[in-house]
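First residue of the sequence shown? That's 2 in the working numbering, and the numbers climb one at a time after it.
Glycine included, every Cβ here is placed at the ideal spot set by N, Cα and C.
Presented below is the structure to which this report refers.
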Amino acid sequence: MTSTSTAGHVRAAGHGGAAEAGGPTGEAYVREWVHGWAVSRAAAPPEPRPWGWWVTVGLPQHVGRYVFGGIGEGVREEDVRAVTAAPAGRGTQLKIVADPARVVPWFAPGWEPFGEGDRVMARDLGAGDTAPGPAPSGYRLSLWTRADVTRVLVTTAAGDFAARGQVGVSGPSATVDQIETAEAHRRRGLGSYVMRHLHAAARAAGAERAVLACTPAGRKLYTAVGWRDVSPFTNARYVGTKD
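Below, the structure is given as structure tokens:
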């Protein structure tokens with residue numbers, strides 16, 4: 002059983018932390034990311050909680066996730082302690098837009114952080130975000146939109162996977178997600194090519210800005226195509242205790 006109801010009684014977190022870059026407030030970055038992510042992954046709509054949201058995902062190893070609405074100094078210690086101390090099931094994850102060094106010490110037993118150096122990034126979208134030209138020589142592009150999600154797939158001429166990405170649009174914002182380039186096809190500009198298509202698709206769908214969460218490996222790519230850093234990002238999963 003997950004702790005969605007018990008943790009829902011935690012006192013409201015301070016969501017008004019200032020962003021590390023211009024644009025929306027910290028709270029807006031997190032709100033836009035969680036709603037766009039739910040659209041992208043076809044998860045259940047985020048359920049508001051006093052400290053943020055609960056999102057039902059529905060996968061065996063990722064049943065659902067807690068997402069705190071604060072950012073940086075706006076994340077309250079008492080909220081993190083209360084949420085992680087409430088009953089939780091394996092397959093429950095936790096996402097906090099704050100430095101792990103600050104928030105991980107507040108976790109109750111049974112919660113395991115994962116990932117290192119992850120960040121939240123953001124980018125404004127504008128008239129200059131138009132779709133790039135044909136796929137690079139030797140590759141093929143597939144692009145399709147269903148509901149509010151656009152997917153981009155790049156394959157070789159023979160049909161082998163080369164790169165992919167997707168974007169979920171929620172109102173005036175979009176969440177870029179699932180960016181991947183096969184190892185054999187890296188450093189050929191495919192990641193940038195996919196990102197430019199996603200920027201254009203999100204803009205065409207009415208989004209004015211985009212947000213993503215990334216690993217250190219992806220940060221260089223995103224910076225190169227106009228993304229700015231917002232905040233460190235903490236991931237954790239419930240693994241249970243030995244008792």
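- In terms of CA proximity to A43, V170 leads the group V170, D125 and A159.
- No Cβ-Cβ contact shorter than 7 Å links S232 with G37.
- By the neighbour-count criterion, in which 16 or more other beta carbons inside 10 Å mark a residue as buried, S138 falls on the exposed side.
- The C-beta of G241 has fewer than 16 other C-beta atoms within 10 Å across all chains shown, which makes the residue exposed.
- When C-beta atoms of the stretch 114-127 are compared with those of the stretch 199-217, three or more pairs fall below 8 Å, so the two segments count as touching.
- A check of alpha carbon separations from A128 across A185, A208 and G160 identifies A208 as the nearest.
- At the C-beta level, A132 and H198 come within 7 Å of one another.
- Using a 10 angstroms sphere on the CB of G75, the tally of other CB atoms reaches 16 or more, which defines it as buried.
- For the alpha helix (DSSP H) assignment, the uninterrupted runs of no fewer than 4 residues enclosed by the stretch 59-112 are, from N- to C-terminal side, 78-86 and 101-104.
- Shown here, L126 sits in coil according to DSSP, grouped into three states, outside any helix or strand.
- The DSSP-derived three-state label of W145 is strand.
- Under the three-state reduction of DSSP, R229 is assigned to strand.
- Looking only at R103, P110 and L60, the smallest Cα-Cα distance to A83 is reached by P110.
- When DSSP reads this structure, G169 sits in a beta bridge with V150 and T176.
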